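Take 1 as the starting number for the sequence shown in the UniProt record's numbering and just add one per residue.
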Amino acid sequence: MPMMMKKKTIILIPYPAQGHVTPMLKLASLLSNLNFQPVVITPEFIHSRISRQISPEDGILCFSIPDGLAEDTKRDFFAIEWAMEEYMPKVLEEVVLKMIEEDGGGVVGLVADLLASWAVEVARRCGVPAAGFWPAMHATYRLIAAIPELIQAGVISENGFPRNLSAPICFSPNEPILTSANDLPWLIGSSTARIKRFKFWIRTLERSKALRWILTNTFQNEYESKMTICSCPNPEKVFEIGPLIMQAATISTSSFWEEDMSCLGWLDEQNVGSVLYISFGSWVSPIGEDKVRALALTLEALGRPFIWVLGPTWRRGLPNGYAERVATHGRIVSWAPQVEVLGHPTIGCYLTHCGWNSTIEAIQCKKTMLCYPIAGDQFVNCAYIVDAWKIGVKIEGFGIEEVEDGVRRVMEDEEVNSRIEKLNEKLFGKEISSKAMTSLSTFIQELVE
């Protein structure tokens, strides 16, 4: 009787945040379908949220490691950075070496989110081939890869500060431009915080140069042009394997928070195409209480049906008695089953922060977007939504006239709706799926050869 071949193990290290863990789990699901044993390793505060949602049938193993932070420490960007650079590498190295010892050579590779580039160094020390994973669109990686050129051209200083705040940023000849220098991904918070974030990106870029492969959660020809777009080093090592939301569908949900399913029943009672869906993702705090209040008053004045995803700790900006006053036409939930909501026929458009996962889900559900980017890659995504694909409108604030005009434009413009139909057909058609699987198969072949 022939012996059963043991599955080869691939270790996956996501950056510990919702928008990064979700696509990494999708990748893990794909690898499981290809007869590999994916092992997803996360800090305990992430592991406790995702492990209960993964069943044995998914074929994914989830391990936790400590992050060295006190239990009551807020896991913000800088706390996580300290954990990743100062504490977690030694712990992960011990885990990987033990896996190699117990698996008898079965560990064939490690895939690390590029924002968790510390794990690339661990893989090197353990003698495990490493690949990078970019959970966003390729264009945002091209922007990071263009940092040396931006410094050399005098667009930004060596600390990442723009030389001219009013000048738009063009990081590749045929990319949509960023309308403001303040839209660069590391320009968040105080001057000190911005310098630290920029150093984080420089370190990420330096480590990525040593990688043989980079997998991106995007599709080929993000921005169709007669000219070739290439502003990243070694473009031949980049494998576009997305959108992963289409490629892998075995995991029902990877949300960190409990989803309020009752909002679907509320949607059933609304008119087709009438509801405005509002969500700024899992990281809404930079909006601030004043903007929460401004948007709340605008929604109340408009009287249009809406569903607003707003966690309890972020509701301090709501006017007193607000939920009761808008109860006839508005619904506020802590967290929503987003794909189901976006796919509901009563949703007319989506007011979004332009996170990449949310953008792909909107295109999947053929929902046009009202764009209010906040930080990080969202400004690049917004530029594509508004200027390249022309399936959304950007707003600068939450005034009544601006929101009302934006909603009208994206909901009533037949050309906008026609374009999102075509983009949906492109992204979720057989050709893109086939190219993505070919890219992933090529990577796998090179990894195990």
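Glycine is no exception: its CB is placed at the ideal position from the N, C-alpha and C atoms. Predicted model, so just to flag it, every value in this text is computed and none were measured.
Give every residue of the same chain whose Cβ lies closer than 7 Å to the Cβ of residue i, excluding the five residues on either side of it in the sequence, and list them in chain order.
i: Val333; result: Asp260, Cys263, Ile307 and Val309
i: His353; result: Phe280, Gly281, Tyr372, Pro373, Ile374 and Gln378
i: Leu31; result: Ile10 and Pro38
i: Ile80; result: Pro16
Output needed for residue i: all residues of its chain with C-beta closer than 6 Å, excluding positions within five of it in sequence on either side, in chain order.
i: Leu440; result: Ile241
i: Ser180; result: none
i: Ile229; result: Note that Ile229 has pLDDT 39, beneath the 50 cutoff, so the model's placement of it is unreliable and the number below is only indicative. Ser172 and Asn174, listed in sequence order.
What are the residues that DSSP puts in a beta bridge with residue i?
i: Asp113; result: Phe133
i: Gln338; result: Its beta-bridge partners do not exist; DSSP assigns none.
i: Leu215; result: Phe133 and Phe239
i: Leu12; result: Val40 and Val111
i: Gly392; result: Met369
i: Leu31; result: Looking at the DSSP assignment, Leu31 forms no beta bridge with any residue, so it has no partner.
i: Thr346; result: Looking at the DSSP assignment, Thr346 forms no beta bridge with any residue, so it has no partner.
i: Gly330; result: Phe306
i: Phe63; result: Ile41
i: Leu351; result: Ile278 and Leu370
Return the CA-CA distance between residue i and residue j, expressed in angstroms with no decimal places.
i: Phe131; j: Gly330; result: Contrary to the premise, residue 131 reads as Ala rather than Phe in this sequence. Distance between the alpha carbons of Ala131 and Gly330: 45 Å.
i: Phe398; j: Arg197; result: 28 Å
i: Leu447; j: Asp377; result: 29 Å
i: Val96; j: Lys90; result: 10 Å
i: residue 450; j: Val108; result: Because the chain in this structure spans residues 1 to 449, residue 450 falls outside the shown range and cannot be described.
i: Gly273; j: Ile287; result: 27 Å
i: Lys6; j: Gly105; result: 11 Å
i: Ala28; j: Ile60; result: 7 Å
i: Ser64; j: Thr42; result: 5 Å
i: Leu297; j: Val238; result: 46 Å
i: Ile195; j: Ile188; result: 10 Å
i: Pro243; j: Val339; result: 14 Å
i: Thr368; j: Glu300; result: 22 Å
i: Lys26; j: Leu342; result: 19 Å
i: Leu351; j: Glu93; result: 42 Å
i: residue 452; j: Cys365; result: The shown model of the chain, from 1 to 449, leaves out residue 452, and the question about it has no answer.
i: Met227; j: Pro56; result: Per-residue confidence for Met227 stands at a pLDDT of 32, beneath the threshold of 50, marking its modelled position as unreliable; the derived number appears in the next sentence. If I take the Cα positions, the gap works out to 47 Å.
i: Arg49; j: Ser166; result: 42 Å
i: Glu269; j: Pro305; result: 11 Å
i: Glu414; j: Asp183; result: 30 Å
i: residue 470; j: Ile245; result: Here the chain covers residues 1 to 449 and nothing more, so residue 470 does not appear.
i: Lys199; j: Pro168; result: 22 Å
i: Tyr141; j: Trp134; result: 7 Å
i: Phe443; j: Ile214; result: 9 Å
I'd like the list of long-range same chain contacts for residue i, defined as Cβ closer than 8 Å, with 5 residues on each side in sequence excluded.
i: Ile144; result: Pro185, Trp201, Thr204 and Leu205
i: Asp290; result: Gly317
i: Arg409; result: Val393 and Val416
i: Ser157; result: Ile151 and Arg163
i: Phe78; result: Ala193 and Lys196
i: Val122; result: Pro89, Leu92, Glu93, Val96 and Leu110
Three or more C-beta pairs under 8 Å: does that hold for the stretch 13-21 against the stretch 31-39? no
At 3 residues or longer, and completely inside the stretch 270-318: list those beta strand (DSSP E) runs for me, N to C. 275-279 and 306-309
Below 8 Å, can you find three or more Cβ-Cβ pairs linking the stretch 206-221 to the stretch 423-435? yes
Cβ contact (3+ pairs, closer than 8 Å) linking the stretch 355-365 and the stretch 379-388: yes
Is the stretch 141-155 touching the stretch 332-348, taking contact as three or more C-beta pairs under 8 Å? no
Any alpha helix (DSSP H) of 4 or more consecutive residues that is wholly inside the stretch 138-218: 138-145, 147-152 and 191-208
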